[in-house]
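Asker: Residue numbers (the UniProt record's numbering): 1 to 567.
Ideal placement from N, C-alpha and C gives every residue a C-beta, glycine not left out.
These numbers come from a predicted model, not from an experiment.
Would you mind keeping the following structure in view while I ask a few things?
In structure tokens:
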């Protein structure tokens, strides 16, 4: 009996113990997330927002490479909620991934769901957030993944580290904003402010006393874990008079490079080193929107925090602001993103797929749908929509993962096209109106286990060209190429970087441009891919992948956990 393998799971002092046999036990950290309404005051007024444990931003989760953690989520809020662990690949465990109606039905008010987050090779900074409607505006927090015990950073250990979460704030209720946007068929109202760690900063009314301050010692080097949790905008970020050195992105190390600014998409994380090497003083840390599309209305304000040196000195009356690129500087945006390279050393090798078995070409478009009596708030009375390969995704009534796992017929189709139905000059200034109307449907793309996949994302100028930060659940991918204009299938692949491309989970496809990614479909399950500008996601710029099971238990979806939220 002593030699028999037994599995005992128990909660003790905030840990889950997984025991196999008598002498082999592993403690899993266990967290409790209580989603609840909490009053917060910003911009001279108070409103109730959804929070986790009353905190905004929410609590930081800590792990090491290869760890597993457990999170008990209790919904004590006033509407449905799900939680997604952005960038955690969750091998074989789509059940805890979180997007509503894709891998689970939402946790209803009064309900709970225990989620298991399995980390594998991720190391650096990730984050978690709500994945239902637009509630991630206030329901989000950082995930810090340290190297395994005994391992070190591939750069000198910093003196200290700071999580920096960039966000957006609306004076109106975010649920009301979502409902108004969906009902009207138009663009959402722009945000009232941008935020750094939940605070607007000095340049907004009623905000100066609570401006975030980072205290530093002269000569010391610090690590910033930068996260863009903004709902609708790509952001430029900078520290006045200080250069930053990029050392990681999306929990993967990069070759270090120095920059005066950072371009960071919603969903993306960037790890930065900086040295406090300027005259002791107060310096602004600032962020503002980057918007590449013409005619797009955006929040043109600037959020600030203060970098404050310790010591005795006389500070200037007003901190200096950094020189951020202009709001529409596409060249600055792509120059930063295009500078990312994987570390690609012996301890952090790359494994870029070379022989592609599944080539995909996906157009990303903003579209319009006809509206009764031209009564909607989109162009010419239409309803705004969005699509991938001219299909605007429609949420099913039961989540796709359960429908797939339990063989529920009729929940989704399996004819998502590999290529767009119409070929045209995708980035032309004047395009025929008939191209603007997409098909609507719940179609998924089936991938064979271990398929080597290349996706070329092509932005189009339909309705209004825009940048599209595309996020893939369940995988990291190599960004092997990008460019402005139309993709040239004969010339552009010759310029791919197959040596040290960055490994990411979110990448901004430039306005009226293209981006090529590669990954190996070695994670069986149902995985969502979508634009991380939430208006585009809600309009239908989404694809769901089903990766088939492979041979052997280690290549198959895990069994569903108990207590899945009901549909």
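Over the uninterrupted beta strand (DSSP E) stretch that includes residue 302, give me the two end residues.
Answerer: 302-309
Asker: What are the partner residues of residue 517, as DSSP defines its beta bridges?
Answerer: 455, 479
Asker: What residue range is occupied by the uninterrupted alpha helix (DSSP H) comprising residue 179?
Answerer: 174-184
Asker: Please specify which runs of the beta strand (DSSP E), each continuous and at least 3 residues long, are wholly inside the segment 336-422, giving them in chain order.
Answerer: 358-369, 383-388, 391-393
Asker: Please list the segments of the beta strand (DSSP E) lying wholly inside the segment 38-97, counting only runs of 3 or more residues, in order along the chain.
Answerer: 45-52, 61-64, 68-75, 83-86
Asker: With a floor of 3 residues, list each beta strand (DSSP E) that falls wholly inside the UniProt domain "Plastocyanin-like" (161-312), ordered by position along the chain.
Answerer: Those beta strand (DSSP E) runs which fall completely within the UniProt domain "Plastocyanin-like" (161-312) and span 3+ residues are 193-196, 213-216, 221-228, 234-239, 244-249, 252-259, 262-264, 269-275, 282-290, 302-309.
Asker: Locate the alpha helix (DSSP H) running through residue 536, then write down its first and last residues.
Answerer: Where residue 536 is concerned, the enclosing alpha helix (DSSP H) stretches over 534-539.
Asker: Please state if the CB of residue 125 and the CB of residue 270 are separated by a distance shorter than 9 Å.
Answerer: Cβ distance < 9 Å, so residue 270 and residue 125 count as in contact.
Asker: Answer yes or no: do residue 117 and residue 90 have a C-beta to C-beta separation smaller than 9 Å?
Answerer: yes
Asker: According to the neighbour-count rule (16 or more other Cβ atoms, all chains shown, within 10 Å of its Cβ), is residue 532 buried or exposed?
Answerer: buried
Asker: Straight-line CA distance for residue 171 to residue 357?
Answerer: 49 Å
Asker: Residues in its own chain within less than 6 Å of residue 476 by CB, not counting five upstream and five downstream?
Answerer: 503, 505
Asker: By the 10 Å Cβ neighbour count, where 16 or more other Cβ atoms means buried, how is residue 412 classified, buried or exposed?
Answerer: buried
Asker: Can you give the Cα-Cα distance for residue 275 and residue 219, rounded to whole angstroms?
Answerer: 6 Å
Asker: What's the call for residue 133, buried or exposed, on a 16-neighbour Cβ count within 10 Å?
Answerer: It is buried - the Cβ of residue 133 has at least 16 other Cβ atoms within 10 Å.
Asker: Please tell me whether residue 408 and residue 384 are closer than 9 Å, where the distance is taken between their beta carbons.
Answerer: no
Asker: Taking a contact to mean a Cβ-Cβ separation below 9 Å, would you say residue 297 touches residue 273 in this structure?
Answerer: no
Asker: Under the assumption that residue 213 contacts residue 306 (Cβ atoms under 8 Å), give the Cβ distance between them as a whole number of angstroms.
Answerer: Sure, about 5 Å apart at Cβ, within 8 Å.
Asker: Between residue 547 and residue 523, what straight-line distance do the alpha-carbon atoms span, to the nearest angstrom?
Answerer: 7 Å
Asker: My output table needs one value for residue 492: the three-state DSSP class, helix, strand or coil.
Answerer: helix
Asker: What's the gap between the Cα of residue 317 and the Cα of residue 292?
Answerer: Between residue 317 and residue 292, the C-alpha separation is close to 35 Å.
Asker: If contacts are defined as beta-carbon pairs under 8 Å, then residue 145 and residue 119 qualify, I think. What distance do you get, rounded to the angstrom?
Answerer: 6 Å
Asker: Using beta-carbon positions only, say whether residue 393 and residue 541 come within less than 9 Å of one another.
Answerer: With contacts defined as CB atoms closer than 9 Å, residue 393 and residue 541 qualify as a contacting pair.
Asker: On a Cα-Cα basis, can you pick out the residue from 47, 33, 80 that is closest to residue 566?
Answerer: 80
Asker: Just the Cα atoms here: how many angstroms apart are residue 21 and residue 69?
Answerer: Note that residue 21 scores a pLDDT of 37, beneath 50, so its modelled location is shaky; the value from the coordinates is reported in the next line. If I take the Cα positions, the gap works out to 21 Å.
Asker: Among the residues of its own chain, which have a CB less than 8 Å from the CB of residue 336, if the five just before and after it don't count?
Answerer: 259, 261, 262, 263
Asker: Residue 141 lies in the beta strand (DSSP E); which residues open and close that run?
Answerer: 140-146
Asker: Using CA atoms only, rank isn't needed, just tell me which of 457, 41, 180, 197 is closest to residue 484.
Answerer: 457
Asker: For a test of the three-state rule: what should DSSP assign to residue 525, helix, strand or coil?
Answerer: strand
Asker: Cα separation between residue 23 and residue 343?
Answerer: Note on residue 23: pLDDT 37, under 50, position unreliable in the model; the coordinate value appears next. Taking the straight line joining both Cα atoms gives about 38 Å.
Asker: CB-CB under 8 Å to residue 85, same chain, minus the five flanking residues each way: which ones, in chain order?
Answerer: 96, 97, 98, 115, 117, 126, 128, 143
Asker: Whole angstroms is fine: what's the gap from residue 338's alpha carbon to residue 468's?
Answerer: Taking the Cα positions, residue 338 is about 15 Å away from residue 468.
Asker: Under the three-state reduction of DSSP, which class applies to residue 103: helix, strand or coil?
Answerer: coil
Asker: Would you mind working out which of 186, 130, 63 sits nearest residue 147, comparing C-alpha positions?
Answerer: 63
Asker: Which whole-angstrom value describes the C-beta separation of residue 32 and residue 72, a residue pair presumed to lie in contact below a C-beta threshold of 8 Å?
Answerer: 5 Å
Asker: Under 8 Å by Cβ, that's how I've got residue 304 and residue 284 pegged, so tell me the actual separation to the nearest angstrom.
Answerer: 5 Å
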